[in-house]
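Asks: Heads up, the sequence shown is in my numbering, so the first residue is 91 and it goes up one at a time. Below you'll find the structure I mean.
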Amino acid sequence: MISESMRALFDKEVAKYPADQRQSAVMACLTIVQKEAGFVSAESEKEVASYLGMPTIAVHEVTTFYNMYNQQPVGKYKLNVCTNLPCQLRDGAKALHHLEQRLGIRMGQTTPDGMFTLQQSECLGACADSPVLLVNDRTMCSFMSTDKLDQLVDGLRNAETKS
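This is the structure in structure tokens:
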């Protein structure tokens, strides 16, 4: 359910556009939902669609097109590894497989402790820095050798035990 505080944030986003183009705020509204709920459910897609006056399928198309929107709960750390062809040629797939083994999960799964979700990403726009991955849709990590991947996983785990 969309809370009143979320609706107030929606109102701020919609106000940035001409009245007849309120649908332009769809990505901002989905981001607000995800920030509060952790993911964008089918029910919240319906509510966003109703609020913006657009078909639910149009909102769903946005949610499913961009992998920054989680359609189900994810771990505290979402790791998106680029597996597009240029990155694959520079060990992107190897990085993904290493993380699968290290975390004991397959791509698209979350560790049993809820700490990590592993996903593939089409292109992160950093082919020259491959292998690359994006942590929580915000932090780009470049030149991710198996040693650097292990350091990242260990660092994130250690940060949790200290907090």
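Note that CB positions come from ideal geometry on N, CA and C, so glycine has one too.
Ignore the nearest five residues each way along the sequence and tell me which others in residue 166's own chain have a CB closer than 7 angstroms to its CB.
Replies: The sequence position of residue 166 within the sequence shown is 76, counting from 1. Cβ neighbours of residue 166 beyond the five flanking positions: 204, 205.
Asks: 8 angstroms is my cut-off, CB to CB: does residue 131 come that close to chain D?
Replies: No chain D appears in this structure, which consists of one protein chain only.
Asks: Below 8 angstroms, can you find three or more Cβ-Cβ pairs linking the segment 115 to 135 to the segment 146 to 155?
Replies: The segment 115 to 135 is in contact with the segment 146 to 155.
Asks: Using the rule of at least 16 other Cβ atoms within 10 Å of the residue's Cβ for burial, across every protein chain shown, is residue 182 buried or exposed?
Replies: Position 92 of the sequence shown, counting from 1, holds the residue named residue 182. It is buried - the Cβ of residue 182 has at least 16 other Cβ atoms within 10 Å.
Asks: Residue 206 bridges to which residues according to DSSP?
Replies: Residue numbering aside, residue 206 sits at position 116 when the sequence shown is read from its first letter. According to DSSP, which records beta bridges pairwise, residue 206 is partnered with 167.
Asks: Using a Cβ-Cβ cutoff of less than 8 angstroms, which residues in the same chain neighbour residue 145 once the five nearest sequence positions on both sides are dropped?
Replies: In the sequence shown, the residue the question calls residue 145 occupies position 55. So the list reads 139, once near-sequence residues are dropped.
Asks: Pick from 232, 110, 119, 113: whose alpha carbon is nearest that of residue 95?
Replies: In the sequence shown, residue 95 corresponds to position 5, counting from 1. Of the listed residues, the one whose Cα sits closest to residue 95 is 119.
Asks: Exposed or buried, residue 168, counting other C-beta atoms within 10 Å across all chains shown (16 or more means buried)?
Replies: Indexing the sequence shown from 1 puts residue 168 at position 78. Answer is buried; the Cβ neighbour count reaches 16.
Asks: In three-state terms, what does DSSP make of residue 152?
Replies: Position 62 of the sequence shown, counted from the first residue, corresponds to residue 152. If DSSP states are grouped into helix, strand and coil, residue 152 belongs with the helices.
Asks: Can you round the beta-carbon distance between residue 172 and residue 220 to whole angstroms, since I take them to be within the 8 angstroms contact cut?
Replies: Numbered from its first residue, the sequence shown carries residue 172 at position 82. Numbered from its first residue, the sequence shown carries residue 220 at position 130. Confirmed, about 7 angstroms.
Asks: Inspect the CB distances between the segment 196 to 203 and the segment 151 to 160 and report whether three or more fall short of 8 angstroms.
Replies: Verdict: no, contact absent.
Asks: Taking the alpha helix (DSSP H) that residue 119 belongs to, which residues open and close that run?
Replies: Start at 1 with the first residue of the sequence shown, and residue 119 comes out as number 29. Element bounds for residue 119: 116 to 127.
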